[in-house]
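Residue numbers (the numbering used here), protein chains in the order written: chain A, 1 to 324; chain B, 325 to 615; chain C, 616 to 912. Cβ coordinates follow ideal geometry from the N, Cα and C atoms, glycine included. All of these numbers come straight from a predicted model, not from anything done at the bench.
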Amino acid sequence: MSSMTEQHQPLLQVSGLTVKLRGFHTAALVVDDFSLTLERGESLGLAGESGCGKTTAALALMRLLSPGLELTRGSVRISGEEVLDLDEQSFDDVRWRRVAYVFQGAMNALNPVITVGDQIVEAIHRDRTQDMARERSRELLESVGIDGHRAGAYPHQFSGGMRQRAMIAMALAANPEIIIADEPTTALDVVVQAEILDLLIRLQKERGLTTIMISHDLAAIASTCDKVAVMYGGRIIEIGAVEKVLRQPCHPYTRALVMAAPQSHQDFRKISPIPGTPPRPDERGSGCAFSPRCPFARDICRAEQPPLRMVGESSVACHLVEEL
Amino acid sequence: MSRFMQPSLGQLASGLLLVLVGLAALVPDLLVGPIETIVTATGIPMSPPSADHWLGTDEVGRDILNLTVHSARITMLVALLASALSMVLGTAVGVVAGYARGAADMLMMRVAVFFLVMPAFILALVLAPLAIEIGGEQGTILGFRPTLLVTVVVIGVTSWAGTARIVRSQTLSLRTRPFVDRARVIGASHKRIIFLHILPNLVSLIIANTILTIVAAIWIESALSFIGLGDPFQPSWGTMLFNAQQAGAAGVGAWWYVFTPGLTIVLVVVSLYSLSHSVALGLGSQRRRAA
Amino acid sequence: MTPLIEFRDISVHFPVPRGLSDWLHRIPHQEICAMERVNITVHRGEIHAIVGESVSGKSTLARVATRLQIPTQGQIYMNGEDVTILRSRAAMRDYRSRVQMIFQDPFSSLNPSQTIFAHVAEPLIINGTSGDAKNLSDKVLATLALAGLRPAEIFAQRYPDELSGGQRQRAVIAGALVMEPELVIADEPVSMLDVSVRAEILKLMLELRAARGLAYIFITHDLHLAAAIADRVSVMRRGRVIESGLPSEVLKNPTEDYTRQLLASAPTLDEALERRAARNLHAGSLSPPAVARNVQS
Numbered sequence: 001m002s003s004m005t006e007q008h009q010p011l012l013q014v015s016g017l018t019v020k021l022r023g024f025h026t027a028a029l030v031v032d033d034f035s036l037t038l039e040r041g042e043s044l045g046l047a048g049e050s051g052c053g054k055t056t057a058a059l060a061l062m063r064l065l066s067p068g069l070e071l072t073r074g075s076v077r078i079s080g081e082e083v084l085d086l087d088e089q090s091f092d093d094v095r096w097r098r099v100a101y102v103f104q105g106a107m108n109a110l111n112p113v114i115t116v117g118d119q120i121v122e123a124i125h126r127d128r129t130q131d132m133a134r135e136r137s138r139e140l141l142e143s144v145g146i147d148g149h150r151a152g153a154y155p156h157q158f159s160g161g162m163r164q165r166a167m168i169a170m171a172l173a174a175n176p177e178i179i180i181a182d183e184p185t186t187a188l189d190v191v192v193q194a195e196i197l198d199l200l201i202r203l204q205k206e207r208g209l210t211t212i213m214i215s216h217d218l219a220a221i222a223s224t225c226d227k228v229a230v231m232y233g234g235r236i237i238e239i240g241a242v243e244k245v246l247r248q249p250c251h252p253y254t255r256a257l258v259m260a261a262p263q264s265h266q267d268f269r270k271i272s273p274i275p276g277t278p279p280r281p282d283e284r285g286s287g288c289a290f291s292p293r294c295p296f297a298r299d300i301c302r303a304e305q306p307p308l309r310m311v312g313e314s315s316v317a318c319h320l321v322e323e324l
Numbered sequence: 325m326s327r328f329m330q331p332s333l334g335q336l337a338s339g340l341l342l343v344l345v346g347l348a349a350l351v352p353d354l355l356v357g358p359i360e361t362i363v364t365a366t367g368i369p370m371s372p373p374s375a376d377h378w379l380g381t382d383e384v385g386r387d388i389l390n391l392t393v394h395s396a397r398i399t400m401l402v403a404l405l406a407s408a409l410s411m412v413l414g415t416a417v418g419v420v421a422g423y424a425r426g427a428a429d430m431l432m433m434r435v436a437v438f439f440l441v442m443p444a445f446i447l448a449l450v451l452a453p454l455a456i457e458i459g460g461e462q463g464t465i466l467g468f469r470p471t472l473l474v475t476v477v478v479i480g481v482t483s484w485a486g487t488a489r490i491v492r493s494q495t496l497s498l499r500t501r502p503f504v505d506r507a508r509v510i511g512a513s514h515k516r517i518i519f520l521h522i523l524p525n526l527v528s529l530i531i532a533n534t535i536l537t538i539v540a541a542i543w544i545e546s547a548l549s550f551i552g553l554g555d556p557f558q559p560s561w562g563t564m565l566f567n568a569q570q571a572g573a574a575g576v577g578a579w580w581y582v583f584t585p586g587l588t589i590v591l592v593v594v595s596l597y598s599l600s601h602s603v604a605l606g607l608g609s610q611r612r613r614a615a
Numbered sequence: 616m617t618p619l620i621e622f623r624d625i626s627v628h629f630p631v632p633r634g635l636s637d638w639l640h641r642i643p644h645q646e647i648c649a650m651e652r653v654n655i656t657v658h659r660g661e662i663h664a665i666v667g668e669s670v671s672g673k674s675t676l677a678r679v680a681t682r683l684q685i686p687t688q689g690q691i692y693m694n695g696e697d698v699t700i701l702r703s704r705a706a707m708r709d710y711r712s713r714v715q716m717i718f719q720d721p722f723s724s725l726n727p728s729q730t731i732f733a734h735v736a737e738p739l740i741i742n743g744t745s746g747d748a749k750n751l752s753d754k755v756l757a758t759l760a761l762a763g764l765r766p767a768e769i770f771a772q773r774y775p776d777e778l779s780g781g782q783r784q785r786a787v788i789a790g791a792l793v794m795e796p797e798l799v800i801a802d803e804p805v806s807m808l809d810v811s812v813r814a815e816i817l818k819l820m821l822e823l824r825a826a827r828g829l830a831y832i833f834i835t836h837d838l839h840l841a842a843a844i845a846d847r848v849s850v851m852r853r854g855r856v857i858e859s860g861l862p863s864e865v866l867k868n869p870t871e872d873y874t875r876q877l878l879a880s881a882p883t884l885d886e887a888l889e890r891r892a893a894r895n896l897h898a899g900s901l902s903p904p905a906v907a908r909n910v911q912s
């Protein structure tokens, strides 16, 4: 599996990443104090429902935030080097060469009028001749399970699964150390989803890749990742090893998510669904973001935001974690 | 989130200008008094802007500001009539073609392409003398001055096709949406689907497009008047430019005579573009929420 | 007992449009077979799940059932009567009052320019069963409340973009319920909803079945969900029903390789965790190696 080689610095160290909506007077935080650490070769799943901030946090890491969002504070260190304060040109070397991103719905983001092979060539950065780049493009396609001869095909000639593989090939083009995959299996057929997850696992092993996989599908995360971080209302509310967090969830929200994950023998009449909906960035109050919907909420939950602290083998952000 | 967006300075300025134009078209007498004619002109001919005449005078001594404000009415009238014609015709054809598809669609679009490439100007040049002959120099056709009618008809006839194509395109997209399927499942008639489900969702698009048609209409009307095909008895900005040229304003350095109507046209056009852009943005965010 | 609805040997073929060069080269007419001799039976109050991937024909089945698509071959029987061809408007109206549909995407199933009230009232208005204005309003509000949108008066005045995904889906359900149908075709009713919201919608659907004896044809790509909610499961692939039976049977002893593949590809959370533990010991892989998949597909 993953080799947990001890570096003197972890490969990726994110601390206190905070993103807010531009132009709002009150603090409308889309991402609040996002921190994590990844060693080389580790894989982390970023779980949560729509609107929890997981995609925004990942984009912030890549400095790809849309103009309406603003990074107010935070630090991102790759092998000890701070990258957030680099100028655009220097960061260009980091983006895609050290950290690559496979966008959500990426399969539909391929340019329809350029062949797949040429699009991968585009992603292969300079200092190669055109022929070398083409050759490498074919190699990359092979490494993700597509016949190299199909490099001359156009995106519409590929199936959804193949397009997703092509996107992954593009992400690998510059030999990054870290790959961030945003919902890599959404909108794909079930059998193809399994193939893509398999591919990601294989690539992790073969290349010692460090991966962050963003997904709302807990089973997919359970299959491919070592660690999992669950987000709600822009914050990480639980983080730890996959076996620990998904088998014995501590936070009430994580428990609800685990309960709601597809099981064959669910009796829907017995499940009490969580009332209400996740808060929008400008709606969050001072206490725990989940408190309005939490069945165990007490006064302290509504008043103070619980900090993320180590409880046993995982970290949980809940005031009542010892009692539950 | 659009609830929180503030209008930009440019948008505010454009809005203000359009309000002024609207006032000028509706109640010019309130703003500058009755229209000055050769008889009632009070100024010294071709005099530059001064305290009495803020924008100077023309070749017979009429106040330019007065003329500019009163011209708004005719220009906007032509533009609005022509755009209304174009919008109604274009929307009707576009919706029917997009909804029905098949042979009807093909036929209508072939016809539309024919009108799409028709040059408005040449058509006006051909029709204007014809209309004048039918109605007589001073007379009217159907209550309209001949050249006015020609302008409205020409603009309407040559710009409906563009609207039709855009409307058809959006209709094609709408008719495959699940809510249209649902309407069919509950037994809605085609008429009901078109009027209750398709058209209401086209409104923003049609408005944005019609504003652009109004812009085109203003351009064409001004151009036609400038070359003398307008109505010399009804002032419009294009007619003012025509008169300025006839009077040799540029030659004698009467920049205020040329500058004022010209700049007015440009400012109004830019304001309308800005309005259309805002409507289109509003359309975009609504669609993102709904779609 | 006479089943509520029966689809017998339904086939739906679409001709592929031919161009001039096809004609010149004498290329024979081609057809796309969206459905091929499909047999589905649903009894009163039964939930029959149709499981399939994207080109399986499951959505075409939904369209045939709601009469958006006319089958090329086959018959449809309702309560023992042949309703394959409906000749009169009255017959059409009668069918519609018994069979309604819930769509997949709550975002585009509602007309963005219509209030929720108008959406739910529309079937009544079209079919002339609205009575006077007060009658109509009562019925609409009652249906909204039944679908869990309370207070109904407030939700009735809202537009779709003011509602959350779960609320919109409830509005869609209300829109289907207002005609008091006997059968509801639910095409992926929860797949676009957040996981925490799915349970409440499913719960609502089950409650309605219990209260009104509603039958469902529940279309989904998720075999586990189908097994959890349905009385009967049919698996479709490329337009054909390849397997059909009780959920427990189909899940435990699938007869078809494809079904096994579906099960293996979409593990439950527990299964995924177990496989992971096994993989750490044996360095195996996730997707089944037994059925060789051609990557070109």
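According to the neighbour-count rule (16 or more other Cβ atoms, all chains shown, within 10 Å of its Cβ), is residue i buried or exposed?
{"i": "A/P176", "result": "buried"}
{"i": "C/V735", "result": "buried"}
{"i": "A/P275", "result": "exposed"}
{"i": "B/F438", "result": "exposed"}
{"i": "A/Q204", "result": "buried"}
{"i": "B/L454", "result": "exposed"}
{"i": "B/G414", "result": "buried"}
{"i": "A/Q305", "result": "buried"}
{"i": "C/L901", "result": "Unreliable placement is indicated for C/L901, whose pLDDT of 42 sits below 50; the coordinate value is still reported in the next sentence. C/L901 should be labelled buried."}
{"i": "B/S600", "result": "buried"}
{"i": "B/R327", "result": "Because B/R327 carries a pLDDT of 43, less than 50, the predicted location of this residue cannot be relied on, and no value is offered for it."}
{"i": "B/T534", "result": "buried"}
{"i": "A/K54", "result": "buried"}
{"i": "A/E88", "result": "exposed"}
{"i": "A/V191", "result": "buried"}
Using a Cβ-Cβ cutoff of less than 6 angstroms, which residues in the same chain neighbour residue i once the five nearest sequence positions on both sides are dropped?
{"i": "B/D429", "result": "A421"}
{"i": "B/L379", "result": "P373, I388, L389, W580 and T584"}
Shortest alpha-carbon distance to residue i belongs to which of the options?
{"i": "C/R852", "options": "C/P632, C/E661, C/G667 and C/R702", "result": "C/G667"}
{"i": "A/M341", "options": "A/G145, A/G117 and A/A100", "result": "The displayed coordinates of chain A run from 1 to 324. Any statement about residue 341 of chain A would go beyond what the structure contains."}
{"i": "A/F34", "options": "A/M310, A/Q193 and A/A60", "result": "A/A60"}
{"i": "C/F732", "options": "C/F629, C/Y774 and C/S674", "result": "C/Y774"}
{"i": "B/V419", "options": "B/R516, B/S395 and B/I535", "result": "B/R516"}
{"i": "A/L38", "options": "A/R22, A/L29, A/V316 and A/L12", "result": "A/L12"}
{"i": "C/R711", "options": "C/A842, C/V657, C/L817 and C/V799", "result": "C/V799"}
{"i": "A/G287", "options": "A/V311, A/I196 and A/C318", "result": "A/C318"}
Compute the beta-carbon to beta-carbon distance between residue i and residue j, rounded to the nearest angstrom, for a pair I have assumed lies under 8 angstroms.
{"i": "A/G145", "j": "A/L188", "result": "Between A/L188 and A/G145 the Cβ distance is about 14 angstroms, and since that is not below 8 angstroms, they are no contact."}
{"i": "A/A260", "j": "C/S811", "result": "6 angstroms"}
{"i": "B/G385", "j": "B/S598", "result": "Going by Cβ atoms, the distance from B/G385 to B/S598 rounds to 36 angstroms, so no, they are not a contact pair."}
{"i": "C/V755", "j": "C/V793", "result": "7 angstroms"}
Which same chain residues end up closer than 7 angstroms to residue i when comparing Cβ atoms and leaving out the 5 residues on each side of it in sequence?
{"i": "A/A222", "result": "V242 and L246"}
{"i": "C/P882", "result": "R890"}
{"i": "A/L209", "result": "I179 and L203"}
{"i": "A/R293", "result": "I274, P275 and G276"}
Please go through the same chain and pick out, in chain order, the residues whose beta-carbon is closer than 8 angstroms to the beta-carbon of residue i, but skip the five residues on each side of it.
{"i": "A/V94", "result": "I78, V83 and L86"}
{"i": "A/S314", "result": "E238, I239, G240, A241, K244, V245 and C250"}
Next on the checklist: Quick check on the DSSP output: what are the complete beta strand (DSSP E) runs of length 3 or more inside the region 755-822 of chain C, in order along the chain?
Outcome noted: 798-802
Next on the checklist: Could you tell me which whole alpha helix (DSSP H) segments of length 4 or greater appear in the region 462-509 of chain B?
Outcome noted: 470-499 and 502-509
Next on the checklist: If we require 3 or more residues per run, which beta strand (DSSP E) segments fall completely within the region 35-99 of chain A?
Outcome noted: 43-47 and 69-78
Next on the checklist: So within the region 694-748 of chain C, which uninterrupted alpha helix (DSSP H) runs reach at least 4 residues, ignoring any that extend past its ends?
Outcome noted: Under the rule that a run must span 4 or more residues, the alpha helix (DSSP H) segments found entirely inside the region 694-748 of chain C read 704-713 and 731-741.
Item to check | In chain order, each beta strand (DSSP E) run of at least 3 residues that lies wholly inside the region 260-316 of chain A | outcome: 309-311 and 314-316
Item to check | Ranges of the beta strand (DSSP E) found wholly within the region 642-703 of chain C, counting only runs of at least 3 | outcome: 646-657, 662-666 and 688-693
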